[in-house]
Ligand code: SF4
Ligand code: SF4
Ligand code: SF4
């Protein structure tokens, strides 16, 4: 939440080419065959942050306690975030069957970008002062 009241999800877009994976110097990242999600080998991760830099949306983050990389694992194929969003009737997140497409990467955005778009809709010109 970069602006009070404008909370946006900042989630892995499951890019087809997953630039985070080859960026890891210790091969701690891999694409999970069953779900297509990025798997993190926490034992191997050395907390270098290179996957964050390589991601077009800088989406991976280091856990505040154990400092290992955290990336959405799609809840092993049953995304809890989509479920709760649907249960609340917000209809902002839902589960889709993925087909190969380079367009997934377009969803990997820095949080400032969607925050600015939403803030401009909510607050008009004033949004520029907020972000
Ligand atoms: S969005 Fe970022 S973390 Fe997810 S696959 Fe793409 S590069 Fe990796
Ligand atoms: S933070 Fe961990 S997972 Fe990310 S590139 Fe570094 S070692 Fe690999
Ligand atoms: S709830 Fe599950 S699917 Fe949703 S962002 Fe978190 S790990 Fe990913």
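In the numbering used here, the protein residues as written are 7 to 137. Backbone N, C-alpha and C define an ideal beta-carbon position, used for all residues, glycine too. Everything numeric in this text was worked out from a predicted model, so none of it was measured.
Kindly indicate the opening and closing residues of the alpha helix (DSSP H) around residue 128.
Locating residue 128 in the chain shown gives position 122, where the first residue counts as 1. Residue 128 -> alpha helix (DSSP H) spans 118-129.
Please state whether DSSP places residue 29 in a helix, a strand or coil.
Counting from one through the chain shown, the residue named residue 29 turns up at place 23. Three-state DSSP puts residue 29 in a helix.
Any heavy atom of ligand 2 closer than 7 Å to the CB of residue 1?
The requested residue 1 is not part of the displayed model; the chain covers only 7 to 137.
Which residues have a Cβ closer than 6 Å to any heavy atom of ligand 3, listed in chain order?
17, 78, 79, 80, 81, 85, 86 and 87
Of the residues 120, 118, 83 and 111, the one placed nearest residue 102, counting alpha carbons only:
Translated into the one-based positions of the chain shown, residue 102 becomes position 96. Nearest C-alpha to residue 102: 83.
Is any non-hydrogen atom of ligand 1 found closer than 7 Å to the C-beta of residue 52, if you look at the structure I gave you?
Walking along the chain shown from the start, residue 52 turns up at place 46. Because no heavy atom of ligand 1 lies under 7 Å away, the Cβ of residue 52 does not count as near it: no.
CA nearest to the CA of residue 115, picked from 49, 7 and 61:
Looking up residue 115 in the chain shown gives position 109. Residue 61 is the option with its Cα nearest to residue 115.
Tell me which residues share the same chain as residue 47 and place their Cβ nearer than 7 Å to its Cβ, disregarding the 5 neighbours each side in the sequence.
Taking the chain shown and counting its residues from 1, the one referred to as residue 47 is at position 41. Contacts found: 34.
Give me, in chain order, the residues of the same chain whose beta-carbon lies closer than 8 Å to that of residue 104; leave out the 5 immediate sequence neighbours on both sides.
Position 98 of the chain shown holds residue 104. Closer than 8 Å at the Cβ level, and outside the excluded window around residue 104, lie 20, 42 and 110.
On the DSSP bridge assignment, give the partners of residue 90 in chain order.
Here residue 90 is taken as the residue at index 84 of the chain shown, counted from 1. Looking at the DSSP assignment, residue 90 forms no beta bridge with any residue, so it has no partner.
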